[in-house]
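As structure tokens, the structure follows; a few thoughts come after it.
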Amino acid sequence: MTSKHEQRQKDENNDKFPIIGIGASAGGLESFRDFFSGMKNDTVPGMAFVLIQHMAPDHESMLPNIISGYTGMEVLQVEDGMKVQPNRIYVIPPNRDMLIRHGKLQLKDPSNLREQRYTIDYFFRSLAQDRGEYAIGIVLSGTGSDGTQGLLAIKSAGGIIMVQSPSSAKFDGMPKSALDTGRADYELPPEEMADLLRSLDFWTFSKHQTASMTSPEMDNMLDEISKLLHSQTGHDFSQYKKSTVRRRIEQRMAVNQIEDMDQYIKYLEQEPEEGEALFRELLIGVTRFFRDPEDFSLFQQKCLTSLLAEKSPDDPIRIWVAGCSTGEEAYSMAIIVAEQLEKRKSGNKVEIFATDIDKKAIKTARAGIYPASIVEDVSEERLSKYFEEKTPENGKTSGTYRIRKKIRDMMIFSEHNIIEDPPFSRQDVISCRNLLIYMNRKLQKKVISLFHYGLRPGGYLFLGSSETVGELGELFLTLDSKAKIYQRKEGPQSTYWTKAGRRSGPKKSEDNNHPASVKKSTSTKQKEGLKRFVEQELLKHLSVTGILVNGSGDILYIHGRSGRYLEPASWETDRNVRKMVREGLESPLNASLHKTIKTETVSRYQGIRVQTDGDPI
């Protein structure tokens, strides 16, 4: 059997060794010193270190000389084109941006002429792309939020991220910003990070251990983990690409210092919180404002202009952004719609339904608050027009921007499982970018079919740069193959795949168990009777808002303005009230439903505080 040392040597020869990017700003010199002094003049074999520190443009860097006193590794100030080798430390020179491509460091003149530059984010993003699961990102002391977005890119690529504990940092702005994402694997003082990196030395070896397993062995283990995850979280990842799931599991194994997948399965069984951690790991995707800006521009030109030309001033514009994560792409869509409305001087109401299965991500999206590093992706004009800088009471900038209310008012963020929950319908646009790439072909086909069902005839579908409509291309007109923009062809709504996985067309009258069926389970006559009954009962009690549900919580009818209590607001469809209820109502609603069904009596709750975006309504 190959020893760890022999395997490490092979990895170094094949350029498959970890590269640790370390970013710091104010107070960073002390943090770098503590980090390398923790190594006690030793090295972490098989790893390379790249240091990115904010410095004044005309300030000569003393960092290489200072760091040399705390490590036995060679310390080099980067020159353009320098190839990264293991067991060395590379320091960015002053007044340069830097990226890594094919294992070589490339220096660039500063791309951002604004007062605040985001050199760390710039490098981390390139590190994620170049190194994938062999990338490790570390954020140390500093002000602002540089490094936060880059760490998320590393996390999405399967790498590991560490953050200096704010209490040990001279300036805690950057560490706090990174920790606020909820994605950090470790929060430590810098002097403790070296020992942790040594403990991760088996990581490369463990990847080869899992890779050496036969396909049936690996498939059986992945199936077992998927079943465990489903039982613990209620979400099914069995139809996600096995390679993606395996990489995420290996990442969690590394974080927990578990070398064997059998051991990890036992750990997953014994530690329920690990199921939640793995669930969140599988959800991580790279998201940015106006990602692929040329594609957004083409979508604006080819789709939105035509869409608005078709609409009368009273017609609403309905858009569904599926897999919205923390909201950047959903807000990007809202902004380009707002720009087109202003250009045409149109006042159409805009309803953008942005959904995801990640409850924490949805909470972030609702708040609409993002680190200042978004200036790398948002133009100054858009930043001024559609964002407001958050400033605390002391008047100093807090390094964050919030989406302005006029844009937030277009949005309805909701927890929704695209695989299991009924789709939205009659949409003008569906945007789902870079979610399908994680699914196998069967699941991709189901989701594309659901999108076809959810679009009105002539509606537009906007996918990610690596995605297509695949086998269902006959249902769509391709408007731009590069930007992945499609238009639903005229004709009947497509058949689609139900939650049970079987092919289904328009429902027969006896098949009434799916709330999103094309042919509704309740006849028009029956619905009118329900409507009259509900309205009469509501009037008896002088109620202004009411919702009729069945025993499962599926909504049969909505009366009045329900937006204060449900998301989506006033959306008259057969959806489940448990999925749509706002913060503060979940527990009393569930208790009330249970009591009423069990006792067949009226149950009332008073004094409930309903919230949205964490604030009382």
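Just so we're aligned, residue 469 is where the sequence shown starts under my numbering, counting upward by one.
Note that beta-carbon positions come from the ideal geometry of N, C-alpha and C, so glycine has one too.
*Alpha carbon to alpha carbon, how far is G867 from A1157? Give it in angstroms, no decimals.*
The requested residue 1157 is not part of the displayed model; the chain covers only 469 to 1085.
*List the residues that DSSP assigns as beta-bridge partners of I785.*
Reading the sequence shown from its first residue, position 317 is the one you call residue 785. Per DSSP, V818.
_Alpha-carbon spacing of K623 relative to S694, whole angstroms_ = Sequence index remark: in the sequence shown, residue 623 carries index 155 (1-based). Sequence index remark: in the sequence shown, residue 694 carries index 226 (1-based). Taking the straight line joining both Cα atoms gives about 21 angstroms.
*Please classify H982: does DSSP put it in a helix, a strand, or coil?*
Here residue 982 is taken as the residue at index 514 of the sequence shown, counted from 1. Interpretation of H982 is limited by its pLDDT of 35, a score under 50 that renders its predicted location unreliable; the figure taken from the coordinates is listed afterwards. Coil, per DSSP.
_If you follow the alpha helix (DSSP H) that L665 is in, where does it begin and where does it stop?_
As a position in the sequence shown, residue 665 is number 197, starting the count at 1. Boundaries of the alpha helix (DSSP H) around L665: P658 to S667.
_What ranges does the beta strand (DSSP E) occupy inside the stretch 583 to 668, keeping only unbroken runs of at least 3 residues that lie completely in it?_
If you keep only unbroken beta strand (DSSP E) runs of at least 3 residues inside the stretch 583 to 668, you get 603 to 607, 628 to 632 and 654 to 656.
*Determine whether the Cβ of G650 lies closer than 9 angstroms to any Cβ atom of chain D.*
Here chain D cannot be found, since the structure has a single protein chain.
*Identify, in the order they occur along the chain, each residue of the same chain with its Cβ nearer than 7 angstroms to the Cβ of S1060, setting aside the five sequence neighbours on each side.*
Mapped onto the sequence shown, residue 1060 falls at position 592. Setting aside the 5 residues that flank it on each side, S1060 is surrounded in the same chain by S1071 and Y1073, each with a C-beta closer than 7 angstroms to its C-beta; the list follows chain order.
_Check whether the stretch 893 to 912 and the stretch 781 to 790 touch, using three or more Cβ-Cβ pairs below 8 angstroms as the test._
Flag = yes, the stretch 893 to 912 and the stretch 781 to 790 touch.
*With 16 other CB atoms within 10 Å as the buried threshold, where does V1078 fall?*
Residue mapping note: residue 1078 aligns to position 610 of the sequence shown, counting from 1. Residue burial is scored here from C-beta neighbours: V1078 has fewer than 16 other C-beta atoms within 10 angstroms and is therefore classed as exposed.
_Contacts around G605, its chain only, beta-carbon distance under 6 angstroms, and the 5 residues preceding and following it disregarded_ = Here the question's residue 605 lines up with position 137 in the sequence shown. Correct list, in chain order: G489, F592, L619, I622 and I629.
*Distance, G1021 Cα to K1047 Cα*: In the sequence shown, the residue the question calls residue 1047 occupies position 579. In the sequence shown, the residue the question calls residue 1021 occupies position 553. About 9 angstroms.
*Where DSSP assigns a beta bridge to E856, which residues make up the other side?*
The residue given as residue 856 occupies position 388 in the sequence shown. Per DSSP, R870.
*Pull up the distance between the alpha-carbon of Y558 and that of S529, whole angstroms please.*
By 1-based counting over the sequence shown, the position of residue 558 is 90. By 1-based counting over the sequence shown, the position of residue 529 is 61. If I take the Cα positions, the gap works out to 12 angstroms.
*At which residues does the alpha helix (DSSP H) containing K770 begin and terminate?*
Here residue 770 refers to the residue found at position 302 of the sequence shown. For K770, there is no enclosing alpha helix (DSSP H), as DSSP marks it with neither H nor E.
*Excluding five sequence neighbours on each side, which residues of the same chain lie with their C-beta closer than 8 angstroms to the C-beta of Q574?*
Working through the sequence shown from its first residue, we reach residue 574 at position 106. Answer for Q574: D548, G549, M566, L567 and I568, listed in chain order.
*Under the assumption that I905 contacts S934 (Cβ atoms under 8 angstroms), give the Cβ distance between them as a whole number of angstroms.*
Against the sequence shown, residue 905 aligns to sequence position 437. Against the sequence shown, residue 934 aligns to sequence position 466. Going by Cβ atoms, the distance from I905 to S934 rounds to 5 angstroms, so yes, they are a contact pair.
*Rounded to the nearest angstrom, how far is the Cβ of S841 from that of D589, given a contact under 8 angstroms?*
Here residue 841 is taken as the residue at index 373 of the sequence shown, counted from 1. Here residue 589 is taken as the residue at index 121 of the sequence shown, counted from 1. The pair is a contact, with the Cβ atoms about 5 angstroms apart (cut-off 8 angstroms).
_Is it buried or exposed, D730, if we count other Cβ atoms within 10 angstroms and call 16 or more buried?_
By 1-based counting over the sequence shown, the position of residue 730 is 262. It counts as exposed.
*Indicate whether the contact test is met: 3 or more Cβ pairs, each with one atom in the stretch 809 to 816 and one in the stretch 927 to 941, closer than 8 angstroms.*
In the pairwise beta carbon analysis, the stretch 809 to 816 is classified as not touching the stretch 927 to 941: fewer than three pairs are separated by under 8 angstroms.
*Cβ pair count under 8 angstroms reaching 3, the stretch 914 to 930 against the stretch 820 to 839*: Remark: fewer than three beta-carbon pairs, one from each stretch, lie closer than 8 angstroms, so the stretch 914 to 930 and the stretch 820 to 839 are not flagged as touching.
*In whole angstroms, what is the alpha-carbon distance linking E861 and G600?*
The sequence position of residue 861 within the sequence shown is 393, counting from 1. The sequence position of residue 600 within the sequence shown is 132, counting from 1. For E861, the predicted model reports a pLDDT of 46, less than 50, meaning its position is unreliable and no value from the coordinates is stated.
_Residues near G491 by beta carbon distance below 6 angstroms, same chain, minus five either side_ = By 1-based counting over the sequence shown, the position of residue 491 is 23. Excluding residues within five positions, the ones whose Cβ falls inside 6 angstroms are I520, I588, V607 and G615.
*Quick one: grab the DSSP three-state call for P891.*
The residue given as residue 891 occupies position 423 in the sequence shown. P891 sits in coil when the DSSP states are folded into three classes, being neither helix nor strand.
*Does the stretch 940 to 957 come within contact of the stretch 749 to 767, defined as at least 3 CB pairs closer than 8 angstroms?*
Touching, per the Cβ criterion.
*Through-space distance from A802 to E1054, alpha-carbon basis*: Here the question's residue 1054 lines up with position 586 in the sequence shown. Here the question's residue 802 lines up with position 334 in the sequence shown. Their Cα atoms are separated by approximately 28 angstroms.
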